[in-house]
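Residue numbers (this note's numbering), protein chains in the order written: chain G, 1 to 121; chain C, 1001 to 1506; chain R, 2001 to 2524. Below: the structure, in structure tokens.
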Amino acid sequence: MSQFLRDYLTVVWFGAIALVLGGLLLGVAALLRPNKPTAQKLIAYESGVDPVGDGWSQSQVRYYIFALLFVIFDIEAVFIFPWATQVERYGAFGLVVMLIFLILLLDGLAYAWKKGVLRWV
Amino acid sequence: MIASLLAAAGDWVAPTLDYHALAPEIILAAGIFAVLSIDLFLEPEQRWITSALSGFVMLGALVTVGTLAVIGDDTRSMFGGRYVSDEYALILKALFLVAGYIVVLMSSDEIERGRYHQGEYYVLLLTSVLGMVMMASSRDLLSIFVALELLSIPAYMLAAWNKRNSRGNEAGVKYYLLGVFASAITLYGMSLLYGVTGTTLLTDLGSAITANGRFSGVEVIAVAFIVVGFAFKISAVPFHQWAPDVYEGAPTPITAFLSVASKAAGFVALVTLTFVAFPNAEDVYQPFMWVLAALSMTIGNLYALRQTNIVRMLAYSSVSQGGFILMPLTVAGVDGVGESALKAVVVYLVVYAATNLGAFAVVIAVARKTRSGEISSYGGLFGYAPALGVLMTIFLASLAGIPPLGGWFAKFGAFKAVLDADTGWGYSIAIIAAINTVISAAYYITVMREIWMKDEPTGDTTPIRTPPSLGAALVITCGATIVLGVLPDIVGRFGDITDLTGALGR
Amino acid sequence: MDVISDQNWVLSVGTFLPLAGVLVMLLIPKREELLHKQIALITALATLAVGIYTLVQFDYGQAQSLQFYASTEWITVINSGYTIGLDGISLPLYFLSMVITVLVMIYSWDHIPSPGNPKAFLILMLVLQTGMAGTFIAQDLILFFVFFEVVLLPMYFMIGVWGGEQRQYASLKFFLYTMFGSALMLVAFLALFYQTGRESFSIPFLVENGINIDEDVALWIFAGMFIGFAVKVPMFPFHTWLPDAHTQAPTQGSVILAAILLKLGTYGFVRIAIPILPQAAVKWAPVIGVLAVIGIIYGALGCLAQSDMKRLIAFSSVAHMGFVMLGISTLTATGINAALFGMVAHGLITGMLFFCAGSIKERYHTLEIKRLSGMLIQMPKLGWILGFCAMASLGLPGLAGFWGEFPAILSAYNPAPQLDVTLFRTLMVIAALGTVLAAAYLLWLYQRTAFGEPNPEFTGHGHAHAVGAAGNDEHHSDIHDVNIYEWVAWTPLLIAIVVFGVYPQLMFKVMDPAVTQLVGVFNP
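What follows is the structure, given as structure tokens:
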């Protein structure tokens, strides 16, 4: 086997291990676990409460938009805190960069506002 | 803990920024901000302003690329070589910006008709172009990845633009899921590479890989993963399945954008990595790319032959053209071939962009009347819309590689590069490519036959009104296609794009 | 190879002038049909004027050197230049292409084939003219290739849009054959480039250096070019596209195809394949000779089996190009001179025959030989012209066709010293038989179509069959003798056929110095 092909052997091993490992875990589990299905066991799991209605139901997309906005500003804080501890060292350059960052975020907020995302109808 | 980390960072020095070199990116970023803000306060009938403004932003950025090319011929490097503006980067930035401008021209009428979210459309388009422009300059695994995401995420949304249409939804979801999957694979490869070498700077990686004379297994996996990730982006077989569905479902200007600019960006990353980061890894990537190129050409062509829908046909044709663009990279590591391989890829990308954008512009124009993407709806086009018929013929002939249109020189360069290598790999891919050239002529000519020799299927031969912006896009692309074919030196001689390979003193 | 660079703008102007006309025509709406015809004709005439100027300025004392030579950088990355020049070999063909274009334009004045649209038709013709003229002046292989390919699409559309009933099939066949041939040709050109040190694609440079290529390699490269050119000629067994293309093409397309396009292939042999790779040419010559003679006999027999006049003329082209290739394969000055003469003569004569066929088709709406007869009674002038062309085509001494065939046969008696004399003398005998067959099919054709009584179907007062009755009135009203446009278009060709037949030296003396220099390598 040439040097070059031997190099590729690693890839083969890698794939093989992935397959074997996955198969092993699932296979062993399938062999060991007792399998006694009952109607009660087969219903959808909803944190212990009995499921109500159809699984395919519409949900309010507004929750997600709010969550998204929240996460954006959360992340913003993650960036700003470390910067704030060292703001003197970064000097004017650091200030300008952070201002640009904040203006961009504000633009996003303005956009969301104008589009009516913040209204809870 | 944070305090100790910060203390360890030592004295902080503000990076020196070369504002001229960054001007295209700054203009684009400011443009995105402006379009997004202005759009909020526009009345519906004023919405055309966003499209005009986006066009001007692209052109403004293009002007600064021009001044960069003219003033000062040296390479401008920032952040310790992580962000470089050299001739290679400038050509490609110009390519992305011009392609972006043409897509704006193609869109303005198409999107106005849709009557919704025009501002957002152009913001996303500009953002994606910004990502591509960054990609051209990135010389670091991280900046490459950031650029990749910046260009991809808006593209996912644009692909799903026809959201009232199930095909549009399919396009968006498919593109998003597969794109994210590919990004993950790329990122996995990159992280492995970083783990082994301890650096993300491409030039350092170049010397770190095989520093001890031979590959470690992890390096092989890392290189392979990175190539696979970008193979998705450039829709190389066998990672191409998303392309036809996405191309069909997305709005046609976006299809043009994806098949040209987004694909070119994938190639740019691949080329940069190949030449700067993997110069010693040719034993890994060359055979890999050989397989990708051979499969892309052949399978792409065979599927294209069977299509009845023009957009799907162009999608498979673009898969096959991607194989041709990959072809020079299969010999990129052979001594003395690097430069001609690099030039072949860049020239091909430029020519292909002009031609393919033109073909899609015709598709948009024709669809305005026929409301159909079937190839048979092109019947009799030459009779009632001779200009569009001739233009489509020119673009298809260029794709087929018939002189004196641009495509011939692109193909010629690719062939020359692989023959230059004088290796078995090179000759064999050349033969496969030669056969595929003839096969591809068959399906391009099918469309020409419809245009010239068949009758309009519905008998409706009212002329097609082409809006002025679309007309401008057609004139630009057609002019470029012809000029590049007659005077190929314009791109063929673009200075020494050897800077890229020269970076390592090869 | 010597070069003379005086007045080196002449060739570029002559080649690209038609494109200027194209640009003007593109700006004019297509309903202005008369204006389009005028512009196209004026452009073609202006191009011809440049051609005549070239003819006058050509230094006949130095016909072996490339004149009006110009060379500038074109594609520097592959060292290919815009190198053009004209010598005794290319001058007649270059000029012929211009003449034929003008005549075809005149003929088109009232013969635009269905479905009309003179704008597109004439634009394609002008583009064709640029491609043809460019091929004959190109002195750089890449430039040659580009011009060679420029011809492809216009001809494809000309056949495919304005052709007969089977036009789509015929045009596709034409396209694919040619595409296949030129792909191999390009590979051969690239191989030449690499084998001579990657320095230049210029033909004079390659002529000097091609001889040093290793013989085994040279044989393969020659094979690539051989197939590329042979498809275009067309030589047996690559000829099958020709009868279809000719039969289905509109008259103008057939004329250009026969008069010029087929010559691109033979010209390629004389200009590129043989001078650059003489060592391989010597090895391949017997193959070319044998295939040429098979072509002669096969073409002649094919003619005898045809029932359609146009198809018959197409097969006669195969036979005539066989004579041309036989002349080339002898690698002697006589043979190649004859071949070049034969190319021009075939262009004039077969072009004329296709004109006749087109006019007959226009009048009778059929070219079925069975149904045509008594043309001499119904249309005496057209009948006589057809007879004249048939005589010229079968090689009657005193007309141009003779000087293409006779010396070609003669030269096979005494081929180049490196070649096998017995083989070529055998070929000579068979080729001579071919001339007899040529006389047979042409006279037979003439006898069946021109002699006898006119077919009652077309006379208008015969009691025709019930089926044909409906069409009768339209038919016979069309039947008129040669009209003015036809006279203007045909007279120059008819005169040229006689002039070159009586005084062949007119052309031989232009070509001979260049040909002598070319074959010098075979007679050390």
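For glycine and all other residues, C-beta sits at the position ideal for the given N, C-alpha and C. Being a predicted model, the structure only gives us computed values, none of them experimental.
Using the rule of at least 16 other Cβ atoms within 10 Å of the residue's Cβ for burial, across every protein chain shown, is Thr-2350 (chain R) buried or exposed?
-> By the 10 Å Cβ count, Thr-2350 (chain R) comes out buried.
Simplified DSSP assignment, three categories, for Thr-2072 (chain R) | Secondary structure at Thr-2072 (chain R): strand, using DSSP grouped into helix, strand and coil.
Between which two residues does the beta strand (DSSP E) carrying Thr-2526 (chain R) extend?
-> Because chain R in this structure spans residues 2001 to 2524, residue 2526 (chain R) falls outside the shown range and cannot be described.
For the candidate residues C:Asp-1420, C:Gly-1249 and C:Gly-1168, whose alpha-carbon lies nearest to that of Gln-2195 (chain R)?
-> Comparing Cα-Cα distances from Gln-2195 (chain R) to each of C:Asp-1420, C:Gly-1249 and C:Gly-1168, the minimum goes to C:Asp-1420.
Using the rule of at least 16 other Cβ atoms within 10 Å of the residue's Cβ for burial, across every protein chain shown, is His-2365 (chain R) buried or exposed?
-> His-2365 (chain R) should be labelled exposed.
Locate the beta strand (DSSP E) running through Tyr-1083 (chain C), then write down its first and last residues.
-> For Tyr-1083 (chain C), the enclosing beta strand (DSSP E) stretches over residues 1083-1085.
Of all Cβ atoms in chain R, is any one closer than 8 Å to the Cβ of Pro-1328 (chain C)?
-> No, because no Cβ of chain R sits closer than 8 Å to the Cβ of Pro-1328 (chain C).
If Ile-2296 (chain R) sits next to Gly-2434 (chain R), beta carbons under 8 Å apart, how far is it from one beta carbon to the other, in whole angstroms?
-> So it is a contact: roughly 4 Å between Cβ atoms.
Simplified DSSP state of Leu-2066 (chain R), which is helix, strand or coil | In the structure shown, Leu-2066 (chain R) sits in a strand (DSSP, three-state: E or B).
Could you give the DSSP three-state label for Ser-1138 (chain C): helix, strand or coil?
-> Here Ser-1138 (chain C) carries a strand assignment [DSSP, helix/strand/coil].
Alpha carbon to alpha carbon, how far is Leu-2242 (chain R) from Tyr-2060 (chain R)? Give it in angstroms, no decimals.
-> About 36 Å.
Which residue's Cα is closest to the Cα of Ala-1294 (chain C): C:Met-1132, C:Gly-1426 and C:Ala-1332?
-> The shortest Cα separation from Ala-1294 (chain C) among C:Met-1132, C:Gly-1426 and C:Ala-1332 belongs to C:Gly-1426.
Tell me, please, whether the stretch 2186-2200 of chain R touches the stretch 2075-2085 of chain R by the rule of three or more beta-carbon pairs shorter than 8 Å.
-> Three or more pairs of CB atoms, one per stretch, sit closer than 8 Å, so the stretch 2186-2200 of chain R contacts the stretch 2075-2085 of chain R.
Asp-54 (chain G), DSSP secondary structure in three states | In this structure, Asp-54 (chain G) counts as coil in the three-state DSSP scheme.
Between the stretch 2085-2099 of chain R and the stretch 2211-2231 of chain R, do at least 3 Cβ pairs fall closer than 8 Å?
-> Counting C-beta pairs with one atom in each stretch, the stretch 2085-2099 of chain R and the stretch 2211-2231 of chain R have fewer than three that are closer than 8 Å, which means they do not touch.
State buried or exposed for Pro-2113 (chain R), treating a residue as buried only when at least 16 other CB atoms are found within 10 Å of its CB.
-> It counts as buried.
Backbone secondary structure at Val-2003 (chain R) - three-state DSSP | DSSP places Val-2003 (chain R) in strand when its eight states are reduced to three.
Chain-ordered residues of the stretch 2064-2095 of chain R with a beta carbon less than 8 Å from chain C | Per Cβ criterion, the list reads Glu-2073, Trp-2074, Ile-2075, Thr-2076, Val-2077 and Ile-2078.
8 Å contact criterion, which Trp-2162 (chain R) and Gly-2021 (chain R) should meet: CB distance rounded = By a beta-carbon distance limit of 8 Å, Trp-2162 (chain R) does not contact Gly-2021 (chain R). Their separation comes to about 19 Å.
Tell whether a beta-carbon distance below 8 Å holds between Ala-2245 (chain R) and Phe-2174 (chain R).
-> At the C-beta level, Ala-2245 (chain R) and Phe-2174 (chain R) come within 8 Å of one another.
Output, in chain order, the set of chain G residues within a Cβ distance shorter than 8 Å of Leu-1036 (chain C).
-> Under the 8 Å cutoff, chain G gives Asp-107 and Tyr-111.
Count the CB pairs spanning the stretch 2062-2076 of chain R and the stretch 2321-2329 of chain R that are closer than 8 Å, and state whether there are at least three.
-> Between the stretch 2062-2076 of chain R and the stretch 2321-2329 of chain R there are fewer than three inter-stretch CB-CB distances shorter than 8 Å, so the stretches are not counted as touching.
Could you tell me which residues DSSP puts in a beta bridge with Ala-2138 (chain R)?
-> BP columns for Ala-2138 (chain R) point to R:Ile-2084.
Where Arg-89 (chain G) sits in the DSSP three-state scheme = Note: Arg-89 (chain G) maps to helix in three-state DSSP.
Determine whether the Cβ of Ala-2120 (chain R) lies closer than 8 Å to any Cβ atom of chain B.
-> Absence of chain B from the displayed structure is noted, the protein chains being G, C and R.
Within 10 angstroms of its Cβ, does Pro-2237 (chain R) collect 16 or more other Cβ (buried), or is it exposed?
-> Flag for Pro-2237 (chain R) reads exposed.
Residue from R:Glu-2368, R:Val-2293 and R:Phe-2508 with nearest C-alpha to Ala-2432 (chain R) | Out of R:Glu-2368, R:Val-2293 and R:Phe-2508, R:Val-2293 has the C-alpha closest to the C-alpha of Ala-2432 (chain R).
Closer than 7 Å by C-beta to Asp-2420 (chain R): which residues in its own chain qualify, once you throw out the five before and the five after it? Chain order, please.
-> Excluding positions up to five away in sequence, the list reads Pro-2286.
Counting Cβ pairs, one atom from each stretch, are 3 or more of them under 8 Å apart for the stretch 2277-2286 of chain R and the stretch 2144-2151 of chain R?
-> At 8 Å Cβ cutoff, the stretches do not touch.
Same chain, Cβ closer than 6 Å to Gly-15 (chain G), neighbours up to 5 away in sequence not counted = For Gly-15 (chain G), same chain residues with a beta-carbon under 6 Å away, outside a window of 5 residues either side, do not exist.
Is DSSP giving Asn-1436 (chain C) helix, strand or coil here?
-> In this structure, DSSP gives Asn-1436 (chain C) a helical state, which the three-state scheme calls helix.
Using 10 angstroms around the beta-carbon of Gln-1118 (chain C), count the other beta-carbons present and answer buried if the total reaches 16, otherwise exposed.
-> Label assigned to Gln-1118 (chain C): buried.
Partner residues on chain G for Met-1221 (chain C), Cβ-Cβ distance less than 8 Å = Sequence check: residue 1221 (chain C) is Ile here, not Met. Correct list: Thr-10, Val-11 and Phe-14.
Beta-carbon neighbours of Leu-104 (chain G), restricted to chain C and to distances below 8 Å = Correct list: Phe-1033.
In angstroms, rounded to a whole number, what distance separates the CA positions of Ala-1959 (chain R) and Gly-1373 (chain C)?
-> For residue 1959 (chain R) there is no data in the structure shown, the boundaries of chain R being 2001 and 2524.
On the DSSP bridge assignment, give the partners of Asn-1309 (chain C) in chain order.
-> BP columns for Asn-1309 (chain C) point to C:Glu-1374.
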